[in-house]
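Student: Every position in the sequence shown, counted from 1, becomes a number in this note's numbering once 53 is added. Ideal Cβ positions, reconstructed from N, Cα and C, are used throughout, including at glycine. Source: prediction; values computed, not measured.
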Amino acid sequence: MRENYLPWQVSVSDFPKDGDLRDQFIFLLSFAILAPSGHNSQPWAFKIENNSVLIFAESSRHLVKSDTNGRQLYISLGCAIENIVIAADYYGFSTAVTLLPDSKNQDLAARVTFSRASEKTSDKDHLIFSIPERFNNRSMYENRVPPKEVLNTISQLQTTNLSINFFISEQKNIAADVAIEAGITAMDNKDFREELSGYVKNNFTSSKVGMPAFGMGIPTLVSLLVPTMIKRFNINRMKNKQDKALLKKFTPIIGVISTEGDVKPDWLNAGRIYERIALMAVSNGFCTAVWASPIQIADYYRKLQSILRTNFRPQVFFRMGYSGKNIPHSPRLSVEEVLIR
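(1) For residue 146, which option in 92, 95, 78 and 225 has the closest C-alpha, if you only look at C-alpha atoms?
(2) Assuming residue 84 contacts residue 69 (C-beta within less than 8 Å), just tell me the rounded distance between them.
(3) Grouping DSSP H, G and I as helix and E and B as strand, with all else coil, what is residue 188?
(4) On the CB-based measure, 16 or more other CB atoms within 10 Å of its CB, does residue 214 come out buried or exposed?
(5) For the region 173 to 252, list the alpha helix (DSSP H) runs that are entirely contained and at least 4 residues long, ordered along the chain.
(6) My output table needs one value for residue 373: the three-state DSSP class, helix, strand or coil.
(7) Within 10 Å of its beta-carbon, does residue 255 have 16 or more other beta-carbons around it, so buried, or fewer, so exposed?
(8) Buried or exposed: residue 317, going by 16 or more other Cβ atoms within 10 Å of its Cβ?
(9) Quick check on residue 257: buried or exposed, where buried means 16 or more other Cβ atoms within 10 Å of its Cβ?
(10) Is any beta-carbon of chain C found at less than 8 Å from that of residue 86?
(11) Can at least three beta-carbon pairs, one atom from the region 112 to 122 and one from the region 241 to 252, be found at a separation below 8 Å?
(12) Can you grab the Cα-Cα spacing for the pair residue 353 / residue 235, in whole Å?
(13) Assuming residue 181 contacts residue 139 (C-beta within less than 8 Å), just tell me the rounded distance between them.
(14) Given a cut-off of 8 Å, decide if residue 219 and residue 204 are closer than it, judged by their beta-carbon atoms.
(15) Output the distance between the C-alpha atoms of residue 392 and residue 61, rounded to the nearest integer angstrom.
(16) Is the region 324 to 340 touching the region 365 to 379, taking contact as three or more C-beta pairs under 8 Å?
(17) Using beta-carbon positions only, say whether residue 74 and residue 104 come within less than 8 Å of one another.
(18) Can you grab the Cα-Cα spacing for the pair residue 229 / residue 155, in whole Å?
(19) With DSSP run on the structure shown, which of helix, strand or coil describes residue 102?
(20) Quick check on this structure: which residue in 321, 360 and 389 has the alpha carbon closest to the alpha carbon of residue 163?
(21) Can you give the beta carbon distance from residue 384 to residue 260, rounded, assuming they're within the 8 Å contact cut?
(22) Less than 7 Å between the CB of residue 351 and some heavy atom of the ligand GTP, yes or no?
(23) With DSSP as the reference, label residue 320 as helix, strand or coil.
(24) From 265, 240, 194 and 133, pick the residue whose C-alpha is nearest to that of residue 57; which is it?
(25) Rounded to whole angstroms, how far is the Cβ of residue 304 from the Cβ of residue 194, which I believe are closer than 8 Å?
(26) Taking Cβ to Cβ, would you say residue 369 is nearer than 8 Å to residue 288?
(27) Name the DSSP bridge partner or partners of residue 367?
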């Protein structure tokens, strides 16, 4: 296996139970780095301080053209935080998460403080096992809806300032049109295309960030041309019919996570909830895939608000369903490469 895919080989059984706290926290970060992120940019850095892990926004991997205000960056950090919390729980740690703990340090997104609560759990269905199995599955999904009891369990993650909604049937088709239109608008922007082209990689890339074209169903020879095509053309216009079929015919459910506010803590919380949903999906045999354009581009989110009949701000738009197609993971930076000493 190539070095840029090795982080996915983390094994739950390798926890250094006889190591010191630092060794154990470093191991927990092996799950944090498997979180999803925009363009697989992995915009995080971590620092261990006594009984805490600090999570920082890494500005060098911020998507400045497509994520001008940092929303997608902080949603990604929220996903990483949730992986830490889930992994810690499995090994008997309780956690306290403080968002934006230092107003003087704008890059410090969160502090996770640990305390020993119990021994390692024996729960074979714990979500930690889903972390290395999760991937953004962009393929066609089967025409069946996940069980109501699972959807009800996911819905229970809602709070007074965060909502989770599912679009099915006609509402789904209307939301799909919004997503497709937003994607075309995004690709009309030359700067957006140029940034994206730098993150789309050929299928045998040695890069540790970015998205190999196989994740989009693109064969190896064609993958050599894709970055140039993205830079020069609005390929979303070219595959408009294909995207409509994908979202309307081959996506049984579209989910939307919305928050009452629209600032960094809301983005972090939305990311945490999305990651938990994605892992619950894996645990129950189905999958998810995020579409950022209707959230991030122009005012398309207002159209989603109209469909939802809410004043809450949509933060995460995602497909959900069953797929018999397993796609290889995207590359990863190692813990050592994102750890601040």
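Tutor: In short, the structure shows the following:
(1) Position 93 of the sequence shown holds residue 146. The residue with the shortest Cα to Cα distance from residue 146 is 78.
(2) By 1-based counting over the sequence shown, the position of residue 84 is 31. By 1-based counting over the sequence shown, the position of residue 69 is 16. So it is not a contact: roughly 14 Å between Cβ atoms.
(3) As a first step, residue 188 is located in the sequence shown; it is residue number 135 there, counting from the start. In the structure shown, residue 188 sits in coil (DSSP, three-state: anything other than H, G, I, E or B).
(4) Taking the first residue of the sequence shown as 1, we reach residue 214 at position 161. Classification of residue 214: exposed, given that the 10 Å Cβ count is below 16.
(5) 201 to 208, 223 to 240 and 243 to 252
(6) Locating residue 373 in the sequence shown gives position 320, counting from the first residue. Here residue 373 sits in strand by DSSP.
(7) Here the question's residue 255 lines up with position 202 in the sequence shown. Its Cβ being crowded by 16 or more others within 10 Å, residue 255 is buried.
(8) As a position in the sequence shown, residue 317 is number 264, starting the count at 1. Residue 317 comes out buried.
(9) Position 204 of the sequence shown, counting from 1, holds the residue named residue 257. Burial call: exposed.
(10) No chain C is part of this structure, which consists of one protein chain only.
(11) yes
(12) To locate residue 353, count along the sequence shown from 1; it is residue 300. To locate residue 235, count along the sequence shown from 1; it is residue 182. One C-alpha to the other measures close to 6 Å.
(13) Here the question's residue 181 lines up with position 128 in the sequence shown. Here the question's residue 139 lines up with position 86 in the sequence shown. Sure, about 6 Å apart at Cβ, within 8 Å.
(14) For the purposes of this step, residue 204 is identified with residue 151 of the sequence shown, where counting begins at 1. For the purposes of this step, residue 219 is identified with residue 166 of the sequence shown, where counting begins at 1. The answer is yes: Cβ separation under 8 Å.
(15) Here the question's residue 392 lines up with position 339 in the sequence shown. Here the question's residue 61 lines up with position 8 in the sequence shown. Cα to Cα, the separation comes out at about 17 Å.
(16) yes
(17) For the purposes of this step, residue 74 is taken as the residue at position 21 of the sequence shown. For the purposes of this step, residue 104 is taken as the residue at position 51 of the sequence shown. Yes, the pair counts as a contact, with Cβ atoms nearer than the cut-off.
(18) Taking the first residue of the sequence shown as 1, we reach residue 229 at position 176. Taking the first residue of the sequence shown as 1, we reach residue 155 at position 102. Their backbone Cα atoms lie some 39 Å apart in a straight line.
(19) Counting from one through the sequence shown, the residue named residue 102 turns up at place 49. Here residue 102 sits in strand by DSSP.
(20) The sequence position of residue 163 within the sequence shown is 110, counting from 1. Nearest C-alpha to residue 163: 321.
(21) The residue labelled residue 384 in the question sits at position 331 within the sequence shown. The residue labelled residue 260 in the question sits at position 207 within the sequence shown. That pair is a contact at about 6 Å.
(22) No copy of the ligand GTP occurs in the structure displayed, which carries no ligand at all.
(23) Mapped onto the sequence shown, residue 320 falls at position 267. DSSP places residue 320 in helix when its eight states are reduced to three.
(24) As a first step, residue 57 is located in the sequence shown; it is residue number 4 there, counting from the start. Of the listed residues, the one whose Cα sits closest to residue 57 is 265.
(25) In the sequence shown, the residue the question calls residue 304 occupies position 251. In the sequence shown, the residue the question calls residue 194 occupies position 141. Contact holds; Cβ gap of about 6 Å.
(26) In the sequence shown, counting from the first residue as 1, residue 369 sits at position 316. In the sequence shown, counting from the first residue as 1, residue 288 sits at position 235. No, the Cβ-Cβ distance between residue 369 and residue 288 is not below 8 Å.
(27) Locating residue 367 in the sequence shown gives position 314, where the first residue counts as 1. Bridge partners of residue 367: 311.
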